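Right, one structure below, let's go through it.
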Ligand SMILES: Cc1cc2nc3c(=O)[nH]c(=O)nc-3n(C[C@H](O)[C@H](O)[C@H](O)COP(=O)(O)OP(=O)(O)OC[C@H]3O[C@@H](n4cnc5c(N)ncnc54)[C@H](O)[C@@H]3O)c2cc1C
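Next comes the structure, spelled out in structure tokens:
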């Protein structure tokens with residue numbers, strides 16, 4: 152498209168900030184919030200290609216879970232006991248900060264606990280084996296026998312499950328907006344950043360089709376789109392699609408807490424108005440869902456419906472009101488990836504939340520703000536540092552992991 156002389160003049164008036172955050176999802180908005188908390192005098196902008204929460208952050212199930220994966224034993228096996236424990240406490244801190252820093256009523260905060268339930272006898276074994284590890288990590292968790300799980304959820308065919316008292320749910324879109332409102336940042340929506348020109352100690356200039364922004368520090372919180380602005384980080388994240396649906400409301404609350412099952416392959420919750428949300432099924436269609444295309448597909452939607460009707464037979468009479476998808480950023484080993492932009496140490500990025508960004512995002516914004524403000528080793532950075540991929544061969548590809556995540 153050509154640009155008129157008026158548009159060109161307008162675009163060349165650079166809007167100057169101390170810090171520009173690119174990406175208006177949970178991670179970007181949380182980082183802006185914590186930058187403001189650290190240094191209220193900073194002039195901060197959030198640049199978002201579409202609207203706040205247009206990406207995965209406004210399309211997810213709103214589960215605020217603790218731990219990196221569906222079953223804690225997998226974390227222990229993959230990362231070691233100490234790292235698994237620290238990851239669990241990082242996500243616990245995320246949950247506690249959401250509750251203490253923000254106004255839960257603004258985003259539908261509910262903290263009645265969460266259930267991780269087994270879809271098979273083998274999964275049940277893993278959950279049982281997780282229990283002692285979780286308890287020694289200090290997690291408030293109890294094991295429920297199959298009868299107890301099925302009675303509690305008016306469900307059938309689940310094996311045992313773990314009930315964690317600290318599980319919570321939110322309306323994720325309202326949460327993102329609430330955080331952005333409290334961040335003190337100027338929010339520029341419909342501003343896709345097309346190019347970043349890095350100028351060493353003098354910061355960077357960011358161009359959108361309409362505007363130009365200058366900033367000393369840049370935070371890239373683009374989810375799966377990070378490589379579009381920093382191609383050298385393309386090995387740290389890949390796009391993966393997740394699909395969901397929502398039923399018509401029913402009068403009774405059958406599912407009192409969020410339910411995660413089949414190694415995270417399916418997730419279900421019931422809203423206060425009676426609608427049932429359910430997502431997943433990706434593990435049954437892995438190849439087709441390795442994409443950034445926003446679309447619902449008959450095959451995955453059928454898997455989700457089969458799961459719902461099998462385990463929650465009372466949903467069979469409910470019509471489906473809404474179907475949707477979103478793009479997640481998966482890292483090579485399932486843990487988020489955080490660091491300084493290569494060759495531009497004043498600027499930072501976070502990506503690769505691997506289907507668990509709501510469980511990490513607010514606390515991760517705090518870490519990212521610390522890193523951006525110059526703290527060399529913010530607490531927890533070693534868990535997520537991009538430097539662990541210096542030898543990428545050594546990383547376990549997430550496609551081979553036991554759990555599916557969202
Ligand atoms: C269907 C579904 C269900 C899920 N359920 C859960 C759940 O229950 N619990 C949980 O913990 N996690 C869940 N997740 C994962 C979670 O949503 C993500 O991990 C999290 O939202 C990632 O946040 P983010 O801020 O990194 O990325 P995003 O939310 O994707 O935000 C990135 C933003 O950057 C913007 N952007 C991209 N490129 C540019 C550019 N060039 N210029 C400007 N802006 C740009 C995008 O428009 C987007 O708004 C789910 C995901 C999906 C899709």
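Numbering (our numbering), first residue to last: 152 to 557. Quick reminder that beta carbons are idealized off the backbone N, C-alpha and C, glycines included. Keep in mind the model is a prediction, meaning the values are calculated, not measured.
- A heavy atom of ligand 1 is found nearer than 7 Å to the CB of residue 199.
- Look at residue 290 here: in three-state DSSP terms it is coil, with no helix or strand label.
- Look at residue 315: its beta carbon is at least 7 Å from all of the heavy atoms in ligand 1.
- DSSP assignment within the region 156–205 yields the following whole alpha helix (DSSP H) runs of 4 residues or more, N-terminal first: 156–163, 177–189.
- The C-beta of residue 273 has fewer than 16 other C-beta atoms within 10 Å across all chains shown, which makes the residue exposed.
- Judged by the Cβ position, residue 223 fails to qualify as a neighbour of ligand 1 at the 7 Å threshold, every heavy atom of the ligand being at least this far.
- By the C-beta density criterion, residue 387 is buried, having at least 16 other C-beta atoms within 10 angstroms.
- Here residue 307 has 301, 462, 464 as same chain residues with Cβ atoms under 7 Å from its own Cβ, once five neighbours each way along the sequence are excluded.
- Beta bridge pairing from DSSP links residue 394 with 476.
- Distances from the CB of residue 382 to the heavy atoms of ligand 1 are all 7 Å or more.
- Linking residue 309 to residue 260 through their CA atoms gives a straight-line distance of about 27 Å.
- In the three-state DSSP reduction, residue 388 falls in the coil class, being neither helix nor strand.
- Listed in chain order, the alpha helix (DSSP H) elements of length 4 or more contained wholly in the region 234–317 are 272–287, 297–304.
- Counting C-beta pairs with one atom in each stretch, the region 504–523 and the region 485–496 have three or more that are closer than 8 Å, which means they touch.
- With a threshold of 7 Å, the Cβ atom of residue 519 does not count as near ligand 1, since no heavy atom of the ligand is closer than that.
- Under DSSP, residue 358 forms a beta bridge with 346, 363.
- It is roughly 13 Å from the alpha-carbon of residue 474 to the alpha-carbon of residue 432.
- Bounds of any beta strand (DSSP E) do not take in residue 231, whose DSSP letter is neither H nor E.
- Contact check between the region 284–294 and the region 234–252: three or more CB pairs, one atom from each, fall below 8 Å, which counts as touching.
- Its Cα nearest to that of residue 247, the residue 320 stands out among 293, 226, 320.
- Here residue 266 is actually not in contact with residue 311; their C-beta atoms are around 10 Å apart, not less than 8 Å.
- Between the region 194–202 and the region 526–533 there are fewer than three inter-stretch CB-CB distances shorter than 8 Å, so the stretches are not counted as touching.
- Judged by the Cβ position, residue 212 qualifies as a neighbour of ligand 1 at the 7 Å threshold, a heavy atom of the ligand being closer than this.
- Fewer than three beta-carbon pairs drawn from the region 498–505 and the region 436–450 are found closer than 8 Å, and the two stretches are therefore not classed as touching.
- In the DSSP annotation of this structure, the continuous segment of the alpha helix (DSSP H) that includes residue 451 starts and ends at 449–462.
- Pairing residue 214 with residue 159, the inter-Cα distance amounts to about 44 Å.
- 337 is the residue among 397, 391, 337 whose C-alpha sits nearest the C-alpha of residue 168.
- About 7 Å separates the Cβ atoms of residue 508 and residue 178, confirming a contact at the 8 Å cut-off.
- Spatial neighbours of residue 524 in its own chain (CB-CB distance under 6 Å, excluding positions within 5 residues in sequence) are listed in chain order as 189.
- Nearest to residue 212 by alpha-carbon distance, out of 253, 410, 467, 241, is 410.
- The Cβ-Cβ distance between residue 369 and residue 176 does not fall below 8 Å.
- For residue 441, there is no enclosing alpha helix (DSSP H), as DSSP marks it with neither H nor E.
- Distance from the Cα of residue 365 is smallest, within the candidate group 498, 513, 230, 224, for 498.
- For residue 490, the enclosing beta strand (DSSP E) begins and ends at 488–492.
- Residue 205 has its Cβ nearer than 7 Å to a heavy atom of ligand 1.
- Relative to ligand 1, residue 364 has its C-beta separated by 7 Å or more from all heavy atoms.
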